[in-house]
Amino acid sequence: MNPLPPLNALRAFEAAARHLSFTKAAEELNVTPGAISQQIKVLESYLGLALFKRKNRMILLTEQAQVCLPYLSQGLNNFSEGMRAIEQFNQTKPLTITVAEAFASRWLMPRLRNFQALHPDIDVRIDASKKLIDLNNSDVDAGIRFGSGNYTGLVTDFLLPLEVYPVCSPSLLNNKPPIKTAADLQHFTLIHGDYYYFGASQPDWAMWFKTLGINDIDSNRGLRYESAELVVKAAVEGQGIALTGSVIVENDLKAGRLIRPLDHTIPLDFAFYFVCTEAKAQQKNVAAFRQWLLEEVKTELNALS
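If you're matching positions, the sequence shown starts at 32 in the numbering used here and goes up one per residue.
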């Protein structure tokens with residue numbers, strides 16, 4: 032079976048045949064009459080026959096075109112209905128976003144009510160599983176990823192940078208020696224996160240002490256948790272001092288549930304990014320969420336500057 036002719040040529044012919052006018056067809060398709068004429072020539076060349084004949088400054092359909100037109104009109108109408116059905120399905124199904132648990136619970140969830148207020152017709156589903164989802168081969172619509180930003184084949188938007196620093200509950204410092212320097216942390220339990228979002232460059236207590244030139248403190252002792260969410264909860268509950276990211280704990284710091292006992296930070300090359308496929312970026316629900324997310328980030332960064 033020969034391949035179908037170009038869709039634009041078929042649409043140009045169907046519109047011109049229905050109106051018996053290149054000018055009206057051009058108006059309907061928002062192109063020039065010359066473009067309609069060119070597309071019909073492409074189709075006639077493909078078919079090897081004429082589709083129109085002129086009579087008294089009018090255009091008429093050839094017999095072959097008259098036979099073809101009803102089938103083509105029905106086919107294009109079915110095609111349009113199919114596209115509308117897909118669009119309607121995409122608008123009614125939940126918008127699924129994959130995101131790390133800590134970012135979802137600590138940054139995204141408190142702001143989602145703003146999105147719902149703007150788009151009450153869009154249901155959002157948050158996938159906070161630890162599995163890295165292939166956005167090209169799944170039903171997930173978009174993701175918020177933490178990494179280098181090098182996501183080949185995906186639409187990528189920079190969201191937020193991240194710094195790592197110690198935090199603890201204010202109550203932890205009650206009846207304890209004051210923390211004036213990093214060396215004073217030897218008197219406190221250290222909370223570790225074994226979630227390795229950063230690969231080999233995972234910032235840990237050993238790295239943090241090393242950037243300060245401190246090598247005589249046992250940085251491996253303390254409590255260990257396998258998620259950033261649990262690390263933050265442990266710090267809020269006063270179990271020790273945690274080394275965690277700025278974005279993850281900003282609300283706890285603002286609310287006074289956590290404090291920074293020392294100012295020293297480790298800036299990271301990794302950051303948070305919004306990602307989706309080119310096809311998903313064109314869908315209304317995804318585009319709405321993407322625009323809202325970028326506006327939320329812009330507002331936050333402006334507030335910090």
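By construction, the Cβ of each residue, glycine as well, lies at the ideal position given by its N, Cα and C atoms.
- Taking 3 residues as the shortest admissible run, the stretch 218-280 contains the following complete beta strand (DSSP E) segments, listed from N- to C-terminal end: 221-224, 254-256, 272-276.
- For Asn-251, the closest C-alpha among the options Leu-35, Thr-242, Leu-92, Gln-217 is that of Gln-217.
- It is roughly 43 Å from the alpha-carbon of Ile-175 to the alpha-carbon of Thr-63.
- Of all alpha-carbon atoms in Gln-95, Ile-164, Ala-47, Phe-305, the one lying nearest the alpha-carbon of Met-89 is that of Ala-47.
- Boundaries of the alpha helix (DSSP H) harbouring Ile-71: 64-78, taken from the DSSP string.
- Taken in chain order, the whole alpha helix (DSSP H) runs of length 4 or more contained in the stretch 300-327 are 309-312.
- Counting along the chain, Ala-57 sits inside the alpha helix (DSSP H) bounded by residues 53-60.
- Between Pro-192 and the set Ile-297, Tyr-256, Ile-272, Leu-82, the nearest pair of CA atoms involves Ile-297.
- For Trp-323, same chain residues with a beta-carbon under 8 Å away, outside a window of 5 residues either side, are Asn-145, Phe-146, Leu-149, His-150 in chain order.
- Contact annotation: Ala-40 and Ile-67 have beta-carbon atoms that are not nearer than 7 Å.
- With a threshold of 16 other beta carbon atoms within 10 Å, Phe-189 falls short and is exposed.
- Inter-residue distance for Pro-36 and Leu-332 is about 51 Å (C-alpha atoms, whole angstroms).
- When Leu-80, Ser-111, Val-306, Gly-271 are compared, the shortest CA-CA separation from Gly-180 is found for Val-306.
- For Pro-141, the uninterrupted alpha helix (DSSP H) segment begins and ends at 140-149.
- Phe-303 places its beta carbon 7 Å or farther from that of Leu-126.
- Restricting attention to Val-130, Gly-65, Leu-74, the CA atom closest to the CA of Glu-45 is found in Leu-74.
- Apart from sequence neighbours up to five positions away, the residues of its chain that approach Ile-164 with a beta-carbon distance below 6 Å are Thr-129, Val-171, ordered along the chain.
- Taking 7 Å as the cut-off, the beta carbon of Ile-157 is found closer than this to the beta carbon of Ala-135.
- Contact between the stretch 195-214 and the stretch 268-282 is established, with three or more Cβ pairs separated by less than 8 Å.
- In this structure, Val-280 sits near Leu-289, with a CB-CB distance shorter than 7 Å.
- With fewer than 16 neighbouring CB atoms inside 10 Å of its own CB, Thr-242 falls in the exposed class.
- Arg-291 and Ala-259 have their C-alpha atoms spaced approximately 17 Å apart.
- The C-alpha of Ser-52 is placed about 14 Å away from the C-alpha of Ala-96.
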